[in-house]
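Enquirer: Taking numbering that gives the first Met the number 0, the leading residue of the sequence shown gets 0, the next gets one more, and so forth. Glycine residues also receive a C-beta, built at the ideal position from the N, C-alpha and C atoms.
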Amino acid sequence: MNTIRRRYPVGIQTFERIINEKQVYIDKTDMVWRLAHAAPYVFLSRPRRFGKSLLTTTLESYFEGRKDLFEGLKIMELEQEWKSYPVIHLDLSTAKNQDNPNMLSETLRFRLRYDCKQFKVDGSDLTPGKYLEAIITSAAEQFGGQVVILIDEYDAPLLDVLHEKEELMAYKKVMQEFYQPLKACERMIKFCFITGITKFSQLSIFSTLNNIMNLSMHPDFAAICGITEKELASDMAEDIAMLAEYEECSTEEMHQKLKLMYDGYHFSEKSEDIYNPYSLMNCFAQKRVKDYWFESGTSSFLFRQIQHFGTDITSLDNIEASESDFYLPTEVLDNALPLLYQAGYLTIKGYSKESEAYRLGIPNKEVMVGLTRGLLPMYSGIRSDSVKLGCAFKIYKALNTGNVDQAMRELQAFLAGVPYVDGFKKKLAEAATREGFWEYTMYLILSMMNIYVQTQVRCHGGRIDMAVFSATTTYIFEFKLNGAAQSALEQIDEKHYSDPFATAPNPVVKIGVSFDLDQWNIKDWLVG
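#1: Mark I510 as exposed unless 16 or more other C-beta atoms lie within 10 angstroms of its C-beta, in which case mark it buried.
#2: Touch check for the stretch 174-190 and the stretch 11-21: three-plus C-beta pairs under 8 Å?
#3: R108 lies in the alpha helix (DSSP H); which residues open and close that run?
#4: Straight-line CA distance for D151 to P46?
#5: Does the stretch 152-170 come within contact of the stretch 95-112, defined as at least 3 CB pairs closer than 8 Å?
#6: Spatial neighbours of D464 within its chain, please: C-beta separation below 8 Å, excluding the five flanking residues on both sides.
#7: Kindly list the residues whose CB is nearer than 6 Å to the CB of Q141, restricted to its own chain and excluding five residues on each side of it in sequence; keep chain order.
#8: Can you tell me where the alpha helix (DSSP H) with Q255 in it begins and where it stops?
#9: Residue range of the beta strand (DSSP E) that W524 falls in?
#10: Please name the residue, chosen from E409, F283, S446, that lies closest to T371 on a Cα-to-Cα basis.
#11: CA-CA distance, L202 and N209?
#12: Starting from F190, follow the beta strand (DSSP E) in both directions and report where the run begins and ends.
#13: Can the beta-carbon of F62 be found closer than 8 Å to that of V147?
#14: Considering just the uninterrupted stretch of the beta strand (DSSP E) at A466, what are its terminal residues?
#15: Pick helix, strand or coil for D151, following the three-state DSSP scheme.
#16: Does the beta-carbon of E140, which I'm using as the reference point, lie nearer than 7 Å to any heavy atom of the ligand ZN?
#17: Work out the CA separation of A470 and M407 for me, nearest whole Å.
#18: Go ahead and pull the three-state DSSP assignment for G482.
#19: So, is R287 buried or exposed, given that buried needs 16 or more other C-beta atoms within 10 angstroms?
#20: Could you check what DSSP says for Q12 in three-state terms: helix, strand or coil?
#21: Under the three-state reduction of DSSP, which class applies to N402: helix, strand or coil?
#22: Go ahead and pull the three-state DSSP assignment for G309.
#23: Hey, could you find the ends of the alpha helix (DSSP H) Q285 is sitting in?
#24: Please state whether DSSP places Y264 in a helix, a strand or coil.
#25: Report the three-state DSSP secondary structure of A503 (helix, strand or coil).
#26: Would you decide whether F392 is buried or exposed? Buried here means 16 or more other CB atoms lie within 10 Å of its CB.
#27: Take S540 and list the residues in its own chain whose beta-carbon comes closer than 7 Å to its own, dropping the five residues that flank it on each side.
#28: Which residue comes first and which comes last in the alpha helix (DSSP H) that contains L332?
#29: Where G482 and P506 are concerned, what is the direct C-alpha to C-alpha distance, given to the nearest angstrom?
#30: State the Cα-Cα distance for the pair I444 and T55, rounded to the nearest angstrom.
#31: Going straight from the alpha carbon of V41 to that of D290, what length do you get?
#32: Would you mind stating whether A133 and I87 have Cβ atoms separated by less than 8 Å?
#33: List the endpoints of the continuous beta strand (DSSP E) containing D90.
#34: Whose CA, out of C458, Y474, H459, lies closest to the CA of V452?
#35: How about the stretch 245-262 and the stretch 300-309: do they share at least three Cβ pairs that are nearer than 8 Å?
#36: Can you give the Cα-Cα distance for D498 and V31, rounded to whole angstroms?
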């Protein structure tokens, strides 16, 4: 075993620095080259912390003609000329959380000052758009050719005011004026790359710029960000082996742990399995399989949208959508599905050529646990910090050993003493006539306990209320409100709910559960 410690680019998003410091780099430069020649104007959407900034800086080094940085990489077989272009690289993550349109305008002007000095432009009295136009024109004139424009996180200034109609319109006017030169200076632009999470309509944001090629779901570029299953098995085999040795397990077992936790992303119907690169690099660097993506910052923006649209969270792991649903303009959405997909909380799980429909679901365990941690107080009124490690471990251990009665008693005791957030009584009143409250509650609590859960699972007999997957057993739950647990158990058999799991390696255990609406707790249960 090679004991020399590998250097992982945790917190580093600059291609030049990764190469010069000999950090671990998964070679995607062949796709970068194809992307650079795909069209003059390109848009790519990917979730946060998924390598968009690394991709942008790789394009920056390529268009600057930095051949020395690419020695030994795949792009060397494709690029012959290595021309150098002036590059205007704008990271608009610095324009988040602006108090008003004037502050946004000033932030954009401040961001352009570096380019102003580099390309000798006096923009002291210019609007952000005129400032950008002057920089593009000056750069093209100085270098006697065309310029390259790279815009990272283009949507960052707008996300916080998405549902504030008047504020959104005012902010959009600033951004529309800022982006106008992208069309006006078309003849001077060699390549323009725009990346972000969401899609705002081109007419409202980019004015007359209607020739942007959206490659977000193109199969040729599905793996341009992230780490594929093939890349993990080949380029990072050494890393898996070292982590397995540290955790005292086999490499096969460690690979499966990593797959369950960080894999599962697909960005087209023919996409390879893709791992979250941020989480994977952190895992190898810290020698611990845990949640890193949510730890780096939860998306308060997305949680607000889920609440705004009243999203049914029990359906998140099994949603059907058409391609047009993915990229509806953000400002005219009537549900949270496009945002959940674009932000990485949902991914493509299947595709039907006949119906041209996509099946969406939650990518992996890391997303499941992090998502439910944020949604638990929102949907059930239970504080997420109340799901303590001791209680979680007892329930997890009981399910793994097949002791259903012990697991249910622990869950019952937890619900009896759980603290609630403000407004919980209102949530109870709203939920008193439907089973949805308990589906939400059970789903979220078990998911937060690192137990893999699916709700409303389709089968030929109907929909299974909840399926729980432990390391040793698959559990099928049916819930009844003020009904009999026996009735719930009989429904599982009558509807053949266990059939989809007949060929699974683990045994199937059926559980009928009844809830007491007066006590707001589990009343009783039967195991079949």
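Expert: So, from the data block:
#1: For the purposes of this step, residue 510 is taken as residue 511 along the sequence shown, with counting starting at 1. With 16 or more Cβ atoms within 10 Å of its Cβ, I510 is classed as buried.
#2: no
#3: Indexing the sequence shown from 1 puts residue 108 at position 109. Segment 100-110, the alpha helix (DSSP H) holding R108.
#4: Taking the sequence shown and counting its residues from 1, one reaches residue 151 at position 152. Taking the sequence shown and counting its residues from 1, one reaches residue 46 at position 47. Straight-line Cα distance between these residues: approximately 12 Å.
#5: yes
#6: In the sequence shown, residue 464 corresponds to position 465, counting from 1. Counting only Cβ-Cβ distances below 8 Å, and skipping sequence neighbours, we find E434, E438, T454, Q455, F476, E477, F478.
#7: The count along the sequence shown starts at 1 and reaches residue 141 at position 142. Nothing listed; no residue qualifies.
#8: By one-based count along the sequence shown, residue 255 stands at place 256. Segment 250-261, the alpha helix (DSSP H) holding Q255.
#9: As a position in the sequence shown, residue 524 is number 525, starting the count at 1. Start and end: 520-526.
#10: Position 372 of the sequence shown holds residue 371. Nearest option by C-alpha distance: S446.
#11: Walking along the sequence shown from the start, residue 202 turns up at place 203. Walking along the sequence shown from the start, residue 209 turns up at place 210. Its pLDDT being 42, under 50, L202 is placed unreliably by the model, and nothing is read from it.
#12: The residue given as residue 190 occupies position 191 in the sequence shown. Here the beta strand (DSSP E) through F190 covers 188-195.
#13: The residue you call residue 62 lines up with position 63 of the sequence shown. The residue you call residue 147 lines up with position 148 of the sequence shown. For F62 and V147, yes; Cβs fall inside 8 Å.
#14: Here the question's residue 466 lines up with position 467 in the sequence shown. It spans 461-468 - the beta strand (DSSP E) in which A466 sits, taken as one unbroken run.
#15: Walking along the sequence shown from the start, residue 151 turns up at place 152. Strand at D151.
#16: Questions concerning the ligand ZN fall outside what the structure shown contains, since it holds no ligand whatsoever.
#17: As a working note, residue 407 is residue 408 in the sequence shown. As a working note, residue 470 is residue 471 in the sequence shown. Their backbone Cα atoms lie some 17 Å apart in a straight line.
#18: Indexing the sequence shown from 1 puts residue 482 at position 483. Coil, per DSSP.
#19: Translated into the one-based positions of the sequence shown, residue 287 becomes position 288. Exposed, since its Cβ has fewer than 16 Cβ neighbours within 10 Å.
#20: As a position in the sequence shown, residue 12 is number 13, starting the count at 1. Residue state, collapsed to three classes: coil.
#21: As a working mapping, residue 402 is identified with position 403 in the sequence shown. It is coil, neither helix nor strand.
#22: For this step, residue 309 is matched to residue 310 along the sequence shown. G309: coil per DSSP, three-state reduction.
#23: Taking the sequence shown and counting its residues from 1, one reaches residue 285 at position 286. From DSSP, the alpha helix (DSSP H) with Q285 extends over 276-285.
#24: Indexing the sequence shown from 1 puts residue 264 at position 265. Residue state, collapsed to three classes: strand.
#25: The residue you call residue 503 lines up with position 504 of the sequence shown. Reduced to three states, the DSSP call for A503 is coil.
#26: Counted from its first residue, the sequence shown places residue 392 at position 393. Flag for F392 reads exposed.
#27: Summary: the structure shown does not reach residue 540, with the chain confined to residues 0 through 527, and so no result is reported for it.
#28: Taking the sequence shown and counting its residues from 1, one reaches residue 332 at position 333. Taken as a continuous stretch (DSSP letters only), L332 belongs to no alpha helix (DSSP H), as it is neither H nor E.
#29: The residue you call residue 482 lines up with position 483 of the sequence shown. The residue you call residue 506 lines up with position 507 of the sequence shown. Approximately 27 Å between the Cα atoms of the pair.
#30: For this step, residue 444 is matched to residue 445 along the sequence shown. For this step, residue 55 is matched to residue 56 along the sequence shown. Straight-line Cα distance between these residues: approximately 39 Å.
#31: In the sequence shown, counting from the first residue as 1, residue 41 sits at position 42. In the sequence shown, counting from the first residue as 1, residue 290 sits at position 291. Approximately 32 Å, taken between the alpha carbons.
#32: Your numbering for residue 133 matches position 134 in the sequence shown. Your numbering for residue 87 matches position 88 in the sequence shown. Not a contact, by the Cβ cut-off of 8 Å.
#33: Position 91 of the sequence shown, counting from 1, holds the residue named residue 90. Element bounds for D90: 86-90.
#34: To locate residue 452, count along the sequence shown from 1; it is residue 453. When only C-alpha atoms are compared, the closest one is Y474.
#35: no
#36: As a position in the sequence shown, residue 498 is number 499, starting the count at 1. As a position in the sequence shown, residue 31 is number 32, starting the count at 1. Answer to the nearest angstrom: the Cα atoms are 45 Å apart.
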